[in-house]
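Novice:
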Amino acid sequence: MSPALTADDLAVGYPTTDDPIVECENVILPDGEITALVGPNGSGKSTLLKALSGQLEPWAGDVRLGTDDVYGMEKKPLARRLALLSQDGDLPGSLSVRELVQHGRHPYRGFLEPLSETDHAAVDEALNLTGTDEFADDGVGNLSGGQRQLARIAMTLAQEPDVLLLDEPTTFLDLRHQLGVLDAVRALNDERGVTVGIVLHDIAQAARYADNLIALRDGVPYDWGPPAEVVTEQLLADVFGVEATVREGPEIVPHQPL
1 MSPALTADDL AVGYPTTDDP IVECENVILP DGEITALVGP NGSGKSTLLK
51 ALSGQLEPWA GDVRLGTDDV YGMEKKPLAR RLALLSQDGD LPGSLSVREL
101 VQHGRHPYRG FLEPLSETDH AAVDEALNLT GTDEFADDGV GNLSGGQRQL
151 ARIAMTLAQE PDVLLLDEPT TFLDLRHQLG VLDAVRALND ERGVTVGIVL
201 HDIAQAARYA DNLIALRDGV PYDWGPPAEV VTEQLLADVF GVEATVREGP
251 EIVPHQPL
C-alpha cells in the first residue's frame, strides 16, 4: 500500500516552546487505511496531527501528500485533498446542518460564487454518508453533542478529501455517540476509501477501529504497526503507565496504574 501522507525528520514546536514537542524520523499514513495516533496526555498527538495537516509548520523536516510538499501547496488545492477536523467544536447555532456542510465546498468556489450542481451533490453525499441527512434542516444549536460531531465530519467530507485528519473527535461524547462517530469514520473509509488519521485517547477503541497505530511517548514514536502487533503489555506499561493483560483481538484488560 502506497503512503498517502508522510513526514520525515520532523521537529515540531510552538513559538512559546524552547524545545520541540514532537520529534519523528518517519511517519506514514498508508493510502486507504485508518491510522490512529495514541498516547497519554502531553505525548504530542495533536501537535503531530497539526504538523501533518499543514496547520503547524515544522521547525525541521518535511510533510508530503503523495509527492507534493504540504507546506509548499496553496491553501485551496491543499483543502481539496486534505481535510482537518480540529478539537475546536464552536459552531454557529443559527445555521442549519445543511448550511454548515455547504461550507465544506469553499475550496471549490470563488468569492460569492453560488453552489453548483456538483457542490450540491457533494453536500448530499456527505450528509448521507454520515447519517446527518435525517436532521439536515435542523439548526446546529439544537443538536446533541454526537450529532454536532457528525455534522462537523460531514462538513469536512464535503471537501471530498483524499485524506481526513481528526483530532480527538470523540472527546466529551458519551459512549453511544463515541461509537457512532467511529462507526461513521470506519464507513467513510470502507465506502469511499478515504485515508484517515485520527487522534484517540482510548487505545482499546483505537485498536478496534484502526488498521494501524502510532504510539507516542514524550513526543517520540514508541511503536507503529497493526494493533495486533503494537498493543502489548509492555507498551501499555511503558507508554500509558498501566499494568494490563492483552488478550487476542487485541482485547485490553487493565489492572492497575504503575
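Using UniProt numbering, the letters of the sequence shown map in sequence onto residues 1 to 258.
Glycine included, C-beta positions come from ideal geometry on N, C-alpha and C.
Small disclaimer: the values here were computed from a predicted structure and weren't measured.
1. Considering Cα atoms alone, identify which of A11, A151, E160, A158 is closest to P169.
2. Just mark E33 as buried or exposed, buried being the case when its beta carbon has 16 or more other beta carbons within 10 Å.
3. Just to confirm, are L100 and M155 a CB contact at a threshold of 7 Å?
4. Do the CB positions of L173 and G146 come within less than 7 Å of each other?
5. Reducing DSSP to helix, strand and coil, say where E243 ends up.
6. Identify every run of the alpha helix (DSSP H) within the region 118 to 191, keeping only runs that are complete inside it and at least 4 residues long; order them along the chain.
7. Sort D9, I21, C24, V38 by Cα distance to D235 and report the nearest one.
8. Using CA atoms only, rank isn't needed, just tell me which of D9, T17, D90, L91 is closest to L52.
9. Within 10 Å of its beta-carbon, does K50 have 16 or more other beta-carbons around it, so buried, or fewer, so exposed?
10. Can you tell me where the alpha helix (DSSP H) holding A207 begins and where it ends?
11. I'd like to confirm the pairing. Which residues does DSSP put opposite E23 in its beta bridges?
12. Between the region 61 to 69 and the region 202 to 219, do three or more beta carbon pairs fall short of 8 Å?
13. Using 8 Å as the cut-off, can you tell me whether the region 17 to 31 makes contact with the region 201 to 208, which would need three or more C-beta pairs spanning the two stretches below that distance?
14. Check this for me: beta carbons of S96 and D137, under 7 Å apart or not?
15. Is the number of C-beta pairs between the region 56 to 65 and the region 235 to 253 that are closer than 8 Å three or more?
16. By how many angstroms is the C-alpha of E243 removed from the C-alpha of G72?
17. Using a threshold of 7 Å, state whether the C-beta atoms of D119 and R105 are closer than that.
18. Just to check my reading of the structure: L129 and L112 have Cβ atoms closer than 8 Å, yes? What is that Cβ distance to the nearest angstrom?
19. Measuring straight from C-alpha to C-alpha, what distance separates L91 and N189?
20. Please confirm whether G54 and L78 have their CB atoms less than 7 Å apart.
21. Please say whether P40 and V12 have beta carbons closer to each other than 7 Å?
22. Run through DSSP, which three-state label would P40 get?
23. What do you get for N142, buried or exposed, if any count of 16 or more other CB atoms within 10 angstroms of its CB means buried?
24. Name the two residues that bound the continuous alpha helix (DSSP H) containing V97.
25. Shortest alpha-carbon distance to W224 belongs to which of N212, E233, T232?
26. Report yes if the CB atom of I198 is closer than 7 Å to the CB atom of A7, and no otherwise.
27. Just to check my reading of the structure: V231 and P250 have Cβ atoms closer than 8 Å, yes? What is that Cβ distance to the nearest angstrom?
Specialist: Looking at the atomic coordinates:
1. On the sequence shown, residue 169 is found 169 positions in, with the first residue counted as 1. It is A151 whose Cα lies nearest to the Cα of P169.
2. The residue given as residue 33 occupies position 33 in the sequence shown. Here E33 is buried: its Cβ has 16 or more other Cβ atoms, across all protein chains shown, within 10 Å.
3. For this step, residue 100 is matched to residue 100 along the sequence shown. For this step, residue 155 is matched to residue 155 along the sequence shown. For L100 and M155, yes; Cβs fall inside 7 Å.
4. Here residue 173 corresponds to residue number 173 of the sequence shown, with the count starting at 1. Here residue 146 corresponds to residue number 146 of the sequence shown, with the count starting at 1. For L173 and G146, yes; Cβs fall inside 7 Å.
5. Position 243 of the sequence shown, counting from 1, holds the residue named residue 243. Three-state result, E243: strand.
6. For the region 118 to 191, whole alpha helix (DSSP H) runs of length 4 or above, ordered along the chain, are 145 to 157.
7. Here residue 235 refers to the residue found at position 235 of the sequence shown. For the record, residue 235 in the displayed sequence is Leu; it is not Asp. Considering only D9, I21, C24, V38, the residue with the shortest C-alpha distance to L235 is V38.
8. Here residue 52 is taken as the residue at index 52 of the sequence shown, counted from 1. Closest in C-alpha terms to L52, from the list D9, T17, D90, L91, comes D9.
9. Your numbering for residue 50 matches position 50 in the sequence shown. Taking every protein chain shown into account, the CB of K50 has 16 or more other CB atoms within 10 angstroms, so this residue is buried.
10. Indexing the sequence shown from 1 puts residue 207 at position 207. 203 to 209 is the extent of the alpha helix (DSSP H) around A207.
11. Within the sequence shown, the letter at position 23 stands for residue 23. Its beta-bridge partners are A11.
12. With a cut-off of 8 Å, the region 202 to 219 and the region 61 to 69 do not count as touching, because too few Cβ pairs lie within range.
13. These segments do not touch.
14. On the sequence shown, residue 96 is found 96 positions in, with the first residue counted as 1. On the sequence shown, residue 137 is found 137 positions in, with the first residue counted as 1. Result yes, Cβ atoms of S96 and D137 sit closer than 7 Å.
15. Contact between the region 56 to 65 and the region 235 to 253 is absent, because fewer than three Cβ pairs lie under 8 Å.
16. Against the sequence shown, residue 72 aligns to sequence position 72. Against the sequence shown, residue 243 aligns to sequence position 243. Cα-Cα distance, rounded: 44 Å.
17. Counting from 1 along the sequence shown, the entry for residue 119 is found at position 119. Counting from 1 along the sequence shown, the entry for residue 105 is found at position 105. Yes; because the gap between Cβ atoms is below 7 Å, this pair is in contact.
18. Mapped onto the sequence shown, residue 129 falls at position 129. Mapped onto the sequence shown, residue 112 falls at position 112. About 28 Å separates the two Cβ atoms, so there is no contact after all.
19. The residue labelled residue 91 in the question sits at position 91 within the sequence shown. The residue labelled residue 189 in the question sits at position 189 within the sequence shown. Straight through space, the alpha carbons of N189 and L91 are spaced by roughly 25 Å.
20. Residue numbering aside, residue 54 sits at position 54 when the sequence shown is read from its first letter. Residue numbering aside, residue 78 sits at position 78 when the sequence shown is read from its first letter. Closer than 7 Å, so yes.
21. For the purposes of this step, residue 12 is identified with residue 12 of the sequence shown, where counting begins at 1. For the purposes of this step, residue 40 is identified with residue 40 of the sequence shown, where counting begins at 1. For V12 and P40, no; Cβs fall outside 7 Å.
22. To locate residue 40, count along the sequence shown from 1; it is residue 40. DSSP places P40 in coil when its eight states are reduced to three.
23. Numbered from 1 along the sequence shown, position 142 holds the residue referred to as residue 142. Counting the other Cβ atoms within 10 Å of the Cβ of N142 gives fewer than 16, which makes it exposed.
24. One-based indexing of the sequence shown puts residue 97 at position 97. Taken as a continuous stretch (DSSP letters only), the alpha helix (DSSP H) holding V97 covers 97 to 102.
25. Numbered from 1 along the sequence shown, position 224 holds the residue referred to as residue 224. Of the listed residues, the one whose Cα sits closest to W224 is N212.
26. Taking the first residue of the sequence shown as 1, we reach residue 198 at position 198. Taking the first residue of the sequence shown as 1, we reach residue 7 at position 7. Contact annotation: I198 and A7 have beta-carbon atoms that are not nearer than 7 Å.
27. Counting from one through the sequence shown, the residue named residue 231 turns up at place 231. Counting from one through the sequence shown, the residue named residue 250 turns up at place 250. Right, the Cβ-Cβ distance comes to about 4 Å (below 8 Å), so this counts as a contact.
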